[in-house]
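Report on the following structure.
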Amino acid sequence: MWDEINEYLKDNDTYFLPLYNDEGKLQSFCYEDIKNDWWNYICANETLSQMKRDPYTITQVFKVLFPDIKLIHIHDMNEWSYILYKGFSKVGFPVIITGTGWSALKETNTYKLEDFADFSIFNVYAEGTQSIRIEKEYPKEPFHQIVDNFKFLKEVVEFATVLKKSISINSLIEIGVPVFNCRIPHKEELSTFVKSEDNSLTSYIAYLKSCLINGGENLTDDQKELLYSIYSKETCEKIAKEDLMSSYNKKCPVFLNNNFSGKIVCKEYDNKLKRRIYLIGECIVTSYCVELKDSLQYHLQKNMEDYVVVSIPIAAYDYIKATEVIKSLPIRKDDIVLFVDSRLQWKYNDKVNNIDVFDLYNDPLRKEVLYSDSPIHTNARGNKLLADRISAFIYTDLKVNESDNLYLQKGEILKDSAIKKINTYVEDIKRNNVIGTNNGAIVMNANPFTKGHLYLIEDSAKKVDTLFVFVVEEDRSYFKFEDRFRLVKEQTSHIKNVVVVSSGAFILSFNTLPIYFEKAEKQNEEIDASSDIEIFARYIAPKLNIKYRFVGEEPLDKVTNQYNMQMKMLLKEWGVNLIEIPRREIGNKVISASRVRANVEAKKWEEVKELVPEKTFEFLYKKYR
215 MWDEINEYLK DNDTYFLPLY NDEGKLQSFC YEDIKNDWWN YICANETLSQ MKRDPYTITQ
275 VFKVLFPDIK LIHIHDMNEW SYILYKGFSK VGFPVIITGT GWSALKETNT YKLEDFADFS
335 IFNVYAEGTQ SIRIEKEYPK EPFHQIVDNF KFLKEVVEFA TVLKKSISIN SLIEIGVPVF
395 NCRIPHKEEL STFVKSEDNS LTSYIAYLKS CLINGGENLT DDQKELLYSI YSKETCEKIA
455 KEDLMSSYNK KCPVFLNNNF SGKIVCKEYD NKLKRRIYLI GECIVTSYCV ELKDSLQYHL
515 QKNMEDYVVV SIPIAAYDYI KATEVIKSLP IRKDDIVLFV DSRLQWKYND KVNNIDVFDL
575 YNDPLRKEVL YSDSPIHTNA RGNKLLADRI SAFIYTDLKV NESDNLYLQK GEILKDSAIK
635 KINTYVEDIK RNNVIGTNNG AIVMNANPFT KGHLYLIEDS AKKVDTLFVF VVEEDRSYFK
695 FEDRFRLVKE QTSHIKNVVV VSSGAFILSF NTLPIYFEKA EKQNEEIDAS SDIEIFARYI
755 APKLNIKYRF VGEEPLDKVT NQYNMQMKML LKEWGVNLIE IPRREIGNKV ISASRVRANV
815 EAKKWEEVKE LVPEKTFEFL YKKYR
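Count along the sequence shown from 1, add 214, and you get the number used in the working numbering.
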C-alpha cells in the first residue's frame, strides 16, 4: 500500500492524497516526508526495514535499552508507525494505537492504558506534537519534522548492529581468525580541533559538502576556500564534477576491481595470491569524498604489500548485512579481519585487538585538518595517518597461526544472484546428460584443439564414470569459441563417457581470472586464481559428482603453471583431487596450442598436420592457407 501511495504522489506531482473510510468519510491525508534530517531518517527507515524482517531482534534490543517500558503508545498513523505497530505486535509486545488513521485500516486495541503505570509507557508521536513544518537556516526550505519523533530508533539499530556483529566476530575469534578494530572517536570525545573541525562549524561543513557533491554552483569563494582547506582544490573540483562518494564503487578501473561478492580490491593487487586483510566499515571504507589514491584502503595496501586489502563497505545501520558479510568471508589461516567504525560499544569487547587512534586526533601540536564534519569522514591526511597507525599495530601485534587447516572459514564468495545463475547452468548440464557418480573434469581453451588435448581427454576418460570437458566460452582467444567448441565436440564424439560443455561465465572466464586472457604479456606476474578455483570446487563440482580435475603438466606457460599449482593446493579443501598427466611430445617437444598457432602464422602446414587431429587441420588449412 505504502509503495503504491508513494508512486502515486511522484507520478502525479502532488503533496497530499486524501484517505477515506469505507463510508466515504475523510479520515486523513497521505503525504511524503522530506528527508532533510538524512542521517536520522536513514537510521529510522533502516530500523523499520529490519523490523519487518527481524522483529524479534529489534524488540529485544528495545527492551534492553528501555527496560522499564511495558507498553508502547503510538499516537497517529503513518507508514513508520504502522510498521512499528505490526512488528511489536508480531512478537507480543504490548502496543496501543490512537488516531483516526488507524480506523481506516480497521486496526483495534487489545490493551488498555489504565492497566499500565505512566512511567512504563513509551509514547511515539508519529505525526508530532507541534507544527509539522518548521523553517531551517540550512537549507533554506521547509522540511517535515516527522523524523524527530522516531530518533529513538537510531539508538536501537546501532545497538543491534554492535550486538549482532559482536556475536559474529566472536565466532571468528574462536576459530583463530585475527580480528582488529580501529574505533574512530566521536567529536564529543575529542579536545583538539583545527580550523574547520570546530564544533560550531559541524552542520555548516556538512551543508557545504552536500552543496559540493551536487555540483557546487552556489558556493561562494569563501565557502570554497573553507572546503579547499579540508580536501584540496583539485579534490573538491572532482567531487563537484563526479561525486567521489559513488565513484569509489563504479569509477576508475585503473585502481579498482569489483569481484562477484561486491568486495573492492586495488587492481594492481587483484591477481596476487597473498594473505588478505578484509577491511570492513562504513563511510571511511567507502573512500568518502576523497580520491582513490588518498583512500584508507589504498594507503593500507601500500603499507602492507604482503597482503591484499579487500574493502567491504557496509552501512552503519544494517546489522543484517553486517552479519551476513562476516559469515560469508572465505578466510584462510593467515588472513586478517579489520573493522573501522565509530561504535562506542567496541571498547567493551575484550576479545578484539583494539587499535587506539585517539591520540592522532587529540594531538595538541596538530595543525592539519584530518576530517570534515565528522572524525570518521577523513580526508587524505587523516587516511594516511590512520593507515600508518593501523599497519604498524597489526605488524607488531600479529601472532603466527599454527592451524593445519588452509581455511578457517570457507564463507561465501558469490552473491545470491550469481549462485542462482550457476545453479541454472549446472541443472541445464544435468538435464541434458546422463552422469555417473565418480566423475572428472577438464577445463580447456583448445586454442586450437591439438593431439595433446585429445591425449589428455582420452587418458582422463579411462579413470572416471563421466568426464566433463569445459571449453572456455570467453571470446578473447585467437580462435572463436564456436569454432573451438565444435572441434572439441566433433573430435571426442568417439569417447562415450565424455560430455563437452561450455564453461559459461564462472569457469575460467574474464570475470573469475582476467590475467589468464592476458598471459602472453604477463608471464612473470604473480596470480591469484583462488576465486576461479573455489567457484568451481564449491558450486559446480559437488552438483556434478566431480571428484577429479585433470590437467596436463605445464613446463612452458608460467601463468598456467601457477594456476595448476594453486589448484593442487585449494581443490583438496573441497574434496576434489588434481591429477597432472604428462604432456605428449612430438619431435622432443611438448605439443602446445601456441606452437600450433606459430606454425599456422608461418604457413608450415606439415608441422601443423603433425600436431593436430585431422578435423582441426582441415579447419585451419581451409581458413588460413
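Using N, Cα and C, we set each Cβ at its ideal position, and we do this for glycine too.
Which residue spans inside the stretch 568-653 form an unbroken beta strand (DSSP E) run of at least 3? Taking only runs of at least 3 residues, the beta strand (DSSP E) segments lying wholly in the stretch 568-653 are 621-623.
Taking its Cβ as the centre, do 16 or more other Cβ atoms sit within 10 Å of E832, making it buried, or is it exposed? The residue is exposed, with fewer than 16 neighbouring Cβ atoms inside 10 Å.
For my contact list, V790 and R763 are in at a C-beta cut-off of 8 angstroms; report their separation, rounded to the angstrom. Yes, they are in contact, since the Cβ atoms of V790 and R763 sit about 6 angstroms apart, within 8 angstroms.
In three-state terms, what does DSSP make of F336? Under the three-state reduction of DSSP output, F336 falls in the strand class.
Span of the alpha helix (DSSP H) around R700: Looking at the DSSP string, the run of the alpha helix (DSSP H) that includes R700 is F695 to Q705.
In the DSSP assignment, the alpha helix (DSSP H) including H667 goes from what residue to what residue? Looking at the DSSP string, the run of the alpha helix (DSSP H) that includes H667 is K665 to A675.
Please report how far the alpha carbon of E768 lies from the alpha carbon of Q776, in whole angstroms. C-alpha separation (whole angstroms): 9 angstroms.
Residue range of the beta strand (DSSP E) that C396 falls in? Taken as a continuous stretch (DSSP letters only), the beta strand (DSSP E) holding C396 covers V393 to R397.
Does the stretch 600-615 come close enough to the stretch 428-444 to have 3 or more Cβ pairs within less than 8 angstroms? Counting Cβ pairs under 8 angstroms, fewer than three are found: no touch.
Sequence-distant residues of the same chain with beta carbon closer than 8 angstroms to I310, five excluded per side: Apart from sequence neighbours up to five positions away, the residues of its chain that approach I310 with a beta-carbon distance below 8 angstroms are L285, I286, H287, I288, N323, Y325, K326 and L327, ordered along the chain.
Ordered along the chain, which non-local residues of its own chain (more than five positions away) have a Cβ less than 7 angstroms from that of V702? A660, F663, V683, V685 and V714.
When the Cα atoms are used, what is the spatial distance from L825 to C497? So the alpha carbons of these two residues sit roughly 58 angstroms apart.
Grab the span of the beta strand (DSSP E) containing V524 for me, first residue to last. It spans Y521 to P527 - the beta strand (DSSP E) in which V524 sits, taken as one unbroken run.
Less than 8 angstroms between the beta carbons of S525 and N597, yes or no? Cβ atoms of S525 and N597: not closer than 8 angstroms.
Taking only the alpha-carbon atoms, compute the straight-line gap between K368 and R603 and give it to the nearest angstrom. Whole-angstrom Cα-Cα distance: 30 angstroms.
Please give the ranges of any alpha helix (DSSP H) in the stretch 734-802, keeping only runs that are unbroken, at least 4 residues long and fully inside the region. With a minimum length of 4 residues, the unbroken runs of alpha helix (DSSP H) contained wholly in the stretch 734-802 fall at 744-749 and 772-784.
When P578, E321, S414 and A536 are compared against E372, the one with the closest alpha-carbon: Among P578, E321, S414 and A536, the Cα nearest to that of E372 belongs to A536.
Figure out for me which residue from Q780, T261, P544 and I491 has the closest Cα to the Cα of E519. Taking only the C-alpha atoms, the option nearest E519 is I491.
Could you please give me the residues that DSSP links to A655 through a beta bridge? In DSSP, A655 forms a bridge with F682 and R763.
Helix, strand or coil at W819 according to DSSP, with G and I counted as helix: Looking at W819 - three-state DSSP - the assignment turns out to be helix.
Spatial neighbours of D290 within its chain, please: C-beta separation below 8 angstroms, excluding the five flanking residues on both sides. Answer for D290: T312, G313, G315, Y339, A340 and E341, listed in chain order.
In the DSSP assignment, what residue or residues form a beta bridge with F553? According to DSSP, which records beta bridges pairwise, F553 is partnered with N395 and I494.
Answer with buried or exposed for K710, where buried requires no fewer than 16 other C-beta atoms within 10 angstroms of its C-beta. Burial state of K710 is exposed, judged by a 10 Å Cβ sphere holding fewer than 16 other Cβ atoms.
Taking S588 as the reference, which of Y421, K635, Y512 and D570 has the closest Cα? Nearest to S588 by C-alpha distance, out of Y421, K635, Y512 and D570, is Y421.
Measure the beta-carbon distance from Y531 to E260 and round it to whole angstroms, keeping in mind my assumption that it falls under 8 angstroms. Separation of the CB atoms of Y531 and E260 is rounded to 4 angstroms, and the pair is thereby assigned contact status at 8 angstroms.
What would DSSP say about E355, mapped onto helix, strand or coil? A caution first: E355 carries a pLDDT of 41, below 50, which makes its placement in the model too unreliable to give a value.
Close-in-space but distant-in-sequence residues of the same chain around I540 (CB under 6 angstroms, 5 per side omitted): Here the set comprises S382.
Which residues does DSSP pair with L285 in a beta bridge? Its beta-bridge partners are I335.
For E821, which option in D268, R700, I800 and E431 has the closest C-alpha, if you only look at C-alpha atoms? Minimum Cα distance to E821 is reached at I800.
Going by CA-CA distance only, name the one from M781, E505 and R690 that's closest to F724. Ranking the options by Cα distance to F724, first place goes to R690.
Measure how close the beta-carbons of N395 and N568 come, nearest whole angstrom, since I'm counting them as under 8 angstroms. With 8 angstroms as the limit, N395 and N568 qualify as a contact, their Cβ atoms being about 5 angstroms apart.
Closest to N738 by C-alpha separation, out of K772, A719 and K409, would be which residue? The candidate whose alpha carbon is nearest that of N738 is K772.
Using three-state DSSP, classify V371 as helix, strand or coil. Residue state, collapsed to three classes: helix.
Considering only the alpha carbon of each residue, which of A258, I335, V376 and A454 lies closest to D282? Ranked by Cα distance from D282, the options A258, I335, V376 and A454 are led by I335.
Which first and last residues belong to the alpha helix (DSSP H) in which T537 is found? Per DSSP, T537 is one residue of the alpha helix (DSSP H) stretching across Y533 to S542.
With 16 other Cβ atoms within 10 Å as the buried cut-off, status of T271: By the neighbour-count rule (16 or more Cβ atoms within 10 Å), T271 is buried.
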